[in-house]
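Letter by letter, the sequence shown follows residues -21 to -1, 1 to 600 in mature numbering (1 follows the signal peptide of the UniProt record, and there is no 0).
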Amino acid sequence: MNRKLLTMAVAGLLSVAGLSAQEPQLKWVTSQDGMGLEIPQAIKASSDGYVFLMNNFASSDKETSYDPDGSVSKGYSLTTDYFFYNIADGTKASEKTSTGVPDVLQTNGNYNMTLYKVGTDGHLLWGIHTNVGEFSDGAMAATSDGGVVIALKMRHSSRSTYKSDIVCQLVDADGVETSVKWDAPDYETYGGVYQPVLAKISKDGKVEWTKRIDVGYKTVTVSGTQKKLYDNFDLRDMVADGEDNIYLTGTYRTSINFGRNANLSSPRNAEGWDGDVQKTCGDLFVVKLDKAGTAQWNVVTKGQVISCEIPKNIVLDNGNLYVSGYMKGDGESAVMLGNDRLTPSIKDCLFYACIAPADGSVKWARLLQTVEHPVTQDGARMKPMCLAASGNELYMGGSFYGNVMDGENVCLENPNKQTNGLRAFILKCNAENGAVQAGIMIDGALTEVENIIPKDGNLLAPGYDLYAASYLYTLDTDLTSNSLKTYPLKNSISTATQGGVVVGDLLVSAMNANRTATFPGCDWTLNVINNGDNNYRACVFTGHDISSLSTGIVSAPAADTGFRAYAGKGELIVETLSACQVQVYGIDGRAILSFEAPEGRTTKSLPAGLYIVNDRKVAVY
């Protein structure tokens, strides 16, 4: 019997609160903006109370020119700037200029990477960027020393214009250049093949080490023509533990060799692949690397051939590693993830799994089918974007249309047709076994959730309505529909929030801005630099004070005898008689960690140091 279970939808127009003392208060606005296109890639909190922002920007040595007859020859400069805005009058000041790579072909431009470390006041602490190599996308993980490890998908330039053996060159905070090379056997044939590049960046913006990962390369014959396979992997997300081991997830379509303990070859789902980048084929991987980038173990699927396996997110909590994404198949072919058999349908299906960080053993894996809604029967899609874990609870979010099924039970329902039908969702599951506990759809025009942040007994979910604004959604941890509140963060149509992080009581959000943007509580308008093309976008970052938002669980006071906090080797141990919020600060007052501790015993990995834990001093050794 098809039984609806655990589904809660917020239909119609959402109640959008006006600005008051009970809502997020805008503190600052910054942007990365230049003559080209800029798009946020990732946002992560640092371990020392700051924020990392990874973005891309297009560069070219072909400038825009305007002829007297009114014709425009569009191009863009080599540079992009990090701007800090005075929200009182809208004036801006550049805090860093980054210079990218000239476009070799003089057509669509070269894409470069920028990485910024930003203070809680929005001001730039430092920035690094690439000035050789074409950047596709990447991931990053904050390390315990205040630094970050980045994983970049790089190549020297486009397929037909490979000019040297340098696939990536990083310019650090002091302007020092570090090159990563690949001695390709034949530049003309293999020059434009993307390569994974890992780099460790110190807390001060210095490049400590780099590593290129070997990827298989070859040509195939398509309709009698030789074709190079150049886009052979994807890097999706990564996280670090308290000892700075790195856990990276992605997809591989040819062999990829992270080292002796993670030499991956012969992906099943790419058999016969002709190099068409529109075909999202390949096998998922999860690898563990130590703090020097040496491979420790790997996790891959086994079994039959399916259409695709796309991991999207990976998080570490309470001694477990969680990964989520989507799979597509034919409804009959199955893959094994650990000892669990997953059989995806012809639609994108949500998968998620729990992995032991020590040895890579898969504790459990689950798959939720996506099917057409029985009334509209107009397609189905699952677009997972975020994953969060807190104690015994696991949360996933993104957008979808159709119905999401847990066996015979409907855990998410969206009756909208596929044209403009995507709606945001959040699912709550048991972190011990993956069992679905609750689900909610957030209605609007085209809505999506980009991050889920458990805080003070509530969930904070930065997201957007594509035809309205960037929002912060808040609701309780049970996902009850009457707890949902919606707060506008930026007013700008056809642009999206790319995610957010919380540092103390500050929400830092990364967004796109197309042409212009306005912000609740401000009277000025941010104008995006462009070359006459109104589709050019900037990366926009905002800082909002969220201390006035209602909370459900208060921090345990020092006098509460039902709460204990003490240290182990490389870990913080909390024991409490009832659920409470735990705030961890460095001895200098910087927010380090915030989490909800359930009744009983909870451990968190932390590097050695002195911390303030709910007003108690704790020395981790």
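Built from N, CA and C at the ideal position, the CB exists for glycine as well. Keep in mind the model is a prediction, meaning the values are calculated, not measured.
**Prompt:** Between M92 and A130, what straight-line distance do the alpha-carbon atoms span, to the nearest angstrom?
**Reply:** 11 Å
**Prompt:** Going by DSSP, which residues form a beta bridge with V284?
**Reply:** Partner(s): none; V284 has no beta bridge.
**Message:** Taking 6 Å as the limit between beta carbons, can you name the residues of its chain near T322, skipping five residues before and five after?
**Reply:** A313
**Item:** Test item: CB-CB of M217 and A332 under 8 Å
**Value:** no
**Identified DSSP bridge partners for E411** = BP columns for E411 are empty, so no partner.
**Beta bridge counterpart(s) of D162 as assigned by DSSP** = Bridge partners of D162: none, in fact.
**Request:** Please list the segments of the beta strand (DSSP E) lying wholly inside the region 342 to 400, counting only runs of 3 or more residues, in order along the chain.
**Result:** 360 to 369, 372 to 385 and 388 to 393
**Item:** Backbone CA spacing between M133 and N236 [nearest angstrom]
**Value:** 16 Å
**Message:** At the level of alpha carbons, what is the spacing between A37 and N506?
**Reply:** 18 Å
**Item:** Three CB pairs or more closer than 8 Å across the region 147 to 157 and the region 62 to 74
**Value:** no
**Request:** Please check the pair K407 and G339, which I expect to be a contact at CB under 8 Å, by giving their CB distance rounded to whole angstroms.
**Result:** With 8 Å as the limit, K407 and G339 do not qualify as a contact, their Cβ atoms being about 26 Å apart.
**Prompt:** Start and end of the beta strand (DSSP E) containing P336?
**Reply:** P336 -> no beta strand (DSSP E), and no H or E assigned at all.
**Message:** Quick check: the region 364 to 377 against the region 386 to 395, are at least 3 beta-carbon pairs closer than 8 Å?
**Reply:** no
**Prompt:** Are the C-beta of G436 and some C-beta of chain B separated by less than 8 Å?
**Reply:** Among the chains in the structure shown there is no chain B, since it carries only a single protein chain.
**Message:** Give me, in chain order, the residues of the same chain whose beta-carbon lies closer than 7 Å to that of V415; leave out the 5 immediate sequence neighbours on both sides.
**Reply:** L(-16), D385, C390, L406 and C408
**Prompt:** Looking only at C-alpha atoms, which of Q560, I571 and N509 sits nearest to K434?
**Reply:** Q560
**Request:** Compare the beta carbon distance of N430 and G479 with 8 Å and say whether it is the shorter of the two.
**Result:** Yes, Cβ-Cβ distance for N430 and G479 is below 8 Å.
**Message:** Mapping the DSSP letters down to three states, classify residue 601 as helix, strand or coil.
**Reply:** Shown here, the chain extends from -21 to 600; a query on residue 601 therefore has no answer.
**Message:** With three or more C-beta pairs closer than 8 Å as the rule, is the region 279 to 290 touching the region 345 to 355?
**Reply:** With the rule of 3 Cβ pairs closer than 8 Å, the region 345 to 355 does not count as touching the region 279 to 290.
**Request:** Let me know if G106 comes out buried or exposed under the rule of 16 or more other beta-carbons within 10 Å of its beta-carbon.
**Result:** Flag for G106 reads buried.
**Item:** V533 - DSSP class collapsed to helix/strand/coil
**Value:** Its pLDDT being 39, under 50, V533 is placed unreliably by the model, and the measurement read from it follows with that caveat. Coil.
**Request:** Please check the pair T456 and E372, which I expect to be a contact at CB under 8 Å, by giving their CB distance rounded to whole angstroms.
**Result:** 7 Å
**Asked** Helix, strand or coil for S527 per DSSP?
**Response** coil
**Message:** Distance check for A274 and L(-9), CA to CA, integer angstroms please.
**Reply:** Low confidence applies here, because L(-9) scores a pLDDT of 34, under 50, leaving its location unreliable; read the following figure in that light. About 50 Å.
**Prompt:** Measuring CA to CA, which of T70, Q356 and C328 is closest to S10?
**Reply:** T70
**Item:** Candidates D422, L263 and V294, of which the one nearest M306 by Cα
**Value:** L263
**Request:** Using DSSP bridges, identify the partner residues of F498.
**Result:** According to DSSP, F498 bridges with nothing at all.
**Request:** Within 10 angstroms of the Cβ of G203, are there 16 or more other Cβ atoms? Answer buried if so, exposed if not.
**Result:** exposed
**Request:** Using the Cα positions of Y95 and E222, report the straight-line distance between them to the nearest angstrom.
**Result:** 23 Å
**Request:** Would you mind giving the Cβ-Cβ distance between M364 and K291, rounded to the nearest angstrom? I have them listed as a contact below 8 Å.
**Result:** 7 Å
**Asked** Going by C-alpha distance, which of S245, A558 and L458 is nearest C260?
**Response** Residue S245 is the option with its Cα nearest to C260.
**Item:** Whether D16 touches R516 by CB criterion (8 Å)
**Value:** Note that residue 16 is Leu in the sequence shown here, rather than Asp. Yes, the pair counts as a contact, with Cβ atoms nearer than the cut-off.
**Prompt:** Whose C-alpha, out of Q562, S584 and G500, is nearest the C-alpha of L551?
**Reply:** S584
**Request:** Name the residue from G125, D151, P19 and V30 whose alpha carbon lies nearest to the alpha carbon of residue 627.
**Result:** Beyond the ends of the chain as shown, which are -21 and 600, falls residue 627; an answer cannot be given.
**Request:** Rounded to whole angstroms, what's the CA-CA distance from G531 to L454? Just pull it up for me.
**Result:** Summary for G531: the model assigns pLDDT 39, below 50, so the residue's position carries little reliability; its value from the coordinates is reported in the next sentence. Taking the straight line from one Cα to the other gives about 10 Å.
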